[in-house]
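Undergrad:
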Amino acid sequence: DGGITQSPKYLFRKEGQNVTLSCEQNLNHDAMYWYRQDPGQGLRLIYYSQIVNDFQKGDIAEGYSVSREKKESFPLTVTSAQKNPTAFYLCASSPGGTNYNEQFFGPGTRLTVL
Amino acid sequence: GESVGLHLPTLSVQEGDNSIINCAYSNSASDYFIWYKQESGKGPQFIIDIRSNMDKRQGQRVTVLLNKTVKHLSLQIAATQPGDSAVYFCAENGGGNQFYFGTGTSLTVIP
Numbered sequence: 001d002g003g004i005t006q007s008p009k010y011l012f013r014k015e016g017q018n019v020t021l022s023c024e025q026n027l028n029h030d031a032m033y034w035y036r037q038d039p040g041q042g043l044r045l046i047y048y049s050q051i052v053n054d055f056q057k058g059d060i061a062e063g064y065s066v067s068r069e070k071k072e073s074f075p076l077t078v079t080s081a082q083k084n085p086t087a088f089y090l091c092a093s094s095p096g097g098t099n100y101n102e103q104f105f106g107p108g109t110r111l112t113v114l
Numbered sequence: 115g116e117s118v119g120l121h122l123p124t125l126s127v128q129e130g131d132n133s134i135i136n137c138a139y140s141n142s143a144s145d146y147f148i149w150y151k152q153e154s155g156k157g158p159q160f161i162i163d164i165r166s167n168m169d170k171r172q173g174q175r176v177t178v179l180l181n182k183t184v185k186h187l188s189l190q191i192a193a194t195q196p197g198d199s200a201v202y203f204c205a206e207n208g209g210g211n212q213f214y215f216g217t218g219t220s221l222t223v224i225p
């Protein structure tokens, strides 16, 4: 099955701890994205990567970090510097290359910081 | 239609009726639009897309209409079914492979 997987589905952490969310895709897509979704709000872009070993900040990158060492993987670390980390996190991927490619989303990880 | 805020717009329809969900986008330079469906606790699913050189596109039971003059997008769902209950939101691609997403409309289908 081709697709995007995110793990875990639910994650609980204590305040002040860093936590890493996993995102893997076997679609051979060049571009990958991390979004944050809060109740009643649209998806907000945290980081994106157009190609391996390269990534750019999105609209709300503060308190987050990413890496793109492999084409199929784009892990997101939520650091202790993120003031309000409790949210639903969505990873997406896209073939890239043109403006007319949809983004395919993973199932999401719900992070709760206690 | 969609708007920024803490409460999603809601739409309730009877099973079998048609549904119309609206979206206002902001960037007149956006040239590609997508409608997504998101069920509770899941990731968004692609429904249908449209490029700016078109004003209408049809899929299976769904139609997207684009009015570039007033920067308005709509999604029409024919013969709405209980399985259509979800949050629907539009996304606009303003360039550089980055999408901007609306807040969504919550559709409830009444059996």
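Chains as they are written, first to last, in the numbering used here: chain A, 1 to 114; chain B, 115 to 225.
Heads up, the beta-carbon is just placed ideally off N, CA and C, and yes, glycines get one too.
Closest by CA to P39 (chain A), which one among A:Y48, A:Y47, A:Y10, A:Y89?
TA: Taking the Cα of P39 (chain A) as reference, the smallest distance to any Cα among A:Y48, A:Y47, A:Y10, A:Y89 is reached at A:Y89.
Undergrad: Does any C-beta atom of chain A lie closer than 8 Å to the C-beta of G216 (chain B)?
TA: yes
Undergrad: Specify the secondary structure class of E218 (chain B) as computed by DSSP and reduced to three states.
TA: With the sequence shown as reference, residue 218 (chain B) is identified as Gly, and Glu is not the correct amino acid for it. Here G218 (chain B) sits in coil by DSSP.
Undergrad: Does any C-beta atom of chain B lie closer than 8 Å to the C-beta of F105 (chain A)?
TA: yes
Undergrad: Do the stretch 73 to 92 of chain A and the stretch 191 to 207 of chain B meet, that is, are 3 or more Cβ pairs less than 8 Å apart?
TA: no
Undergrad: Would you say R165 (chain B) faces chain A, with C-beta separation under 8 Å as the test?
TA: Yes, R165 (chain B) lies at the interface with chain A (some Cβ there is under 8 Å from its Cβ).
Undergrad: Give the range of the beta strand (DSSP E) segment to which G197 (chain B) is assigned.
TA: Where G197 (chain B) is concerned, there is no enclosing beta strand (DSSP E), given that its DSSP letter is neither H nor E.
Undergrad: May I have a chain-ordered list of the beta strand (DSSP E) segments no shorter than 3 residues that lie completely inside the stretch 127 to 209 of chain B?
TA: 133 to 138, 146 to 152, 159 to 165, 170 to 172, 176 to 181, 186 to 191, 200 to 209
Undergrad: Using the beta-carbon count (16 or more within 10 Å), is T219 (chain B) buried or exposed?
TA: Per the 10 Å Cβ criterion, buried.
Undergrad: Can you tell me where the beta strand (DSSP E) holding D54 (chain A) begins and where it ends?
TA: 54 to 57
Undergrad: Suppose the cutoff is 6 Å on Cβ atoms and the five residues either side in sequence are ignored; what does the same chain contact list for Y214 (chain B) look like?
TA: E206
Undergrad: In its own chain, which residues sit with a C-beta less than 8 Å from the C-beta of G16 (chain A), not counting the 5 before and 5 after it?
TA: S80
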